[in-house]
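Protein chains in written order, with the numbering used here: chain A, 13 to 126; chain B, 2 to 114.
Think of the CB as a built atom: it goes at the ideal place given N, C-alpha and C, for glycine as much as any other residue.
Remember, predicted model here, so these are calculated numbers, not experimental data.
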Amino acid sequence: AQSVTQLGSHVSVSEGALVLLRCNYSSSVPPYLFWYVQYPNQGLQLLLKYTSAATLVKGINGFEAEFKKSETSFHLTKPSAHMSDAAEYFCAARRQSGTYKYIFGTGTRLKVLA
Amino acid sequence: DAGVTQSPTHLIKTRGQQVTLRCSPKSGHDTVSWYQQALGQGPQFIFQYYEEEERQRGNFPDRFSGHQFPNYSSELNVNALLLGDSALYLCASSLSQTNTEAFFGQGTRLTVV
Numbered sequence: 013a014q015s016v017t018q019l020g021s022h023v024s025v026s027e028g029a030l031v032l033l034r035c036n037y038s039s040s041v042p043p044y045l046f047w048y049v050q051y052p053n054q055g056l057q058l059l060l061k062y063t064s065a066a067t068l069v070k071g072i073n074g075f076e077a078e079f080k081k082s083e084t085s086f087h088l089t090k091p092s093a094h095m096s097d098a099a100e101y102f103c104a105a106r107r108q109s110g111t112y113k114y115i116f117g118t119g120t121r122l123k124v125l126a
Numbered sequence: 002d003a004g005v006t007q008s009p010t011h012l013i014k015t016r017g018q019q020v021t022l023r024c025s026p027k028s029g030h031d032t033v034s035w036y037q038q039a040l041g042q043g044p045q046f047i048f049q050y051y052e053e054e055e056r057q058r059g060n061f062p063d064r065f066s067g068h069q070f071p072n073y074s075s076e077l078n079v080n081a082l083l084l085g086d087s088a089l090y091l092c093a094s095s096l097s098q099t100n101t102e103a104f105f106g107q108g109t110r111l112t113v114v
């Protein structure tokens with residue numbers, strides 16, 4: 013069965029430091045992959061998506077992610093953290109065909125220290 | 002352009018009661034999916050509606066049912082509420098079932114007491 017694993021339920025970084033949030037997927041066929049951000053008491057906002065095109069995907073707010081099939085990973089990075097990046101981040105996967113539901117990881121809460 | 006809108010934003014119900022949550026998809030979107038997000042967890046897929054029919058269903062009991070109207074808006078109904086149904090319920094819309102990107106609403110926070 014398809015699954016998404018996010019390593020680290022809580023991550024703390026200093027303002028200006030590199031942000032790295034980890035995501036691994038389990039699927040016999042590479043799925044479409046997504047990163048969403050959720051601010052307190054809000055819904056999910058799409059940061060970026062991988063849909064079988066370029067393996068390095070750039071998203072909003074300076075975030076990017078690289079799809080690595082050999083490692084079944086889709087880690088999210090940002091070169092320099094900003095206080096406004098503090099939020100919950102979810103990695104999600106969806107099969108390319110046959111079923112269109114999203115499978116979400118359990119989320120990583122990012123804390124940015126001044 | 003209004004995005005996905007959900008109502009109400011919060012509500013409190015008693016065990017055993019029934020609840021109806023509503024969702025208006027993003028303009029032009031014809032597919033609506035519902036997710037349950039328990040506290041501290043990622044969203045879990047409940048079901049998806051397209052052309053007014055339930056097309057896919059996650060691992061949720063029959064107490065969870067839905068409906069899609071001709072204008073593509075949707076309702077999620079939960080009967081015989083349990084304490085464990087307390088969660089944030091998210092609606093997501095997309096253009097056709099095969100579209101790769103889903104847009105999420107702000108959610109409805111349901112508390113069962």
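Let me know if residue i comes out buried or exposed under the rule of 16 or more other beta-carbons within 10 Å of its beta-carbon.
| i | result |
| --- | --- |
| B/Phe46 | buried |
| B/Ser94 | buried |
| B/Leu77 | buried |
| B/Ser75 | buried |
| B/Leu83 | exposed |
Examine chain A for any beta-carbon lying closer than 9 Å to the beta-carbon of residue i, and answer yes or no.
| i | result |
| --- | --- |
| B/Tyr36 | yes |
| B/Val113 | no |
| B/Gln42 | yes |
| B/Thr32 | yes |
Do residue j and residue i have their beta-carbon atoms positioned less than 9 Å apart in this structure?
| i | j | result |
| --- | --- | --- |
| A/Gly117 | A/Gln50 | no |
| B/Ser25 | B/Thr6 | yes |
| B/Leu91 | B/Pro44 | yes |
| B/Val113 | B/Ile13 | yes |
| A/Leu33 | A/Tyr114 | no |
| A/Cys35 | A/Val16 | yes |
List, in chain order, every chain B residue whose beta-carbon is nearer than 9 Å to that of residue i.
| i | result |
| --- | --- |
| A/Thr63 | Thr101 and Glu102 |
Is the beta carbon of residue i within less than 8 Å of some heavy atom of the ligand NAD?
| i | result |
| --- | --- |
| B/Arg23 | Questions concerning the ligand NAD fall outside what the structure shown contains, since it holds no ligand whatsoever. |
Under 9 Å between C-beta atoms, does residue i make it to chain B?
| i | result |
| --- | --- |
| A/Phe86 | no |
| A/Tyr112 | yes |
Chain A partners of residue i, CB-CB under 9 Å?
| i | result |
| --- | --- |
| B/Gly29 | Ordered by position in chain A, no residue passes the 9 Å Cβ test against B/Gly29, which lies about 17 Å from the chain. |
In chain B, which residues lie less than 8 Å from residue i when you measure between Cβ atoms?
| i | result |
| --- | --- |
| A/Phe102 | Gly43 and Pro44 |
Using a Cβ-Cβ cut-off of less than 9 Å, list which residues of the region 78–92 of chain B approach chain A; keep chain order.
Leu89, Leu91 and Cys92
Beta carbons nearer than 7 Å to chain A: which residues of the region 49–81 of chain B have them?
Gln49, Gln57 and Gly59
For the region 41–72 of chain A, which residues have a beta carbon sitting closer than 7 Å to at least one beta carbon of chain B?
Tyr44, Gln54, Gly55, Leu56, Leu58, Lys61 and Thr63
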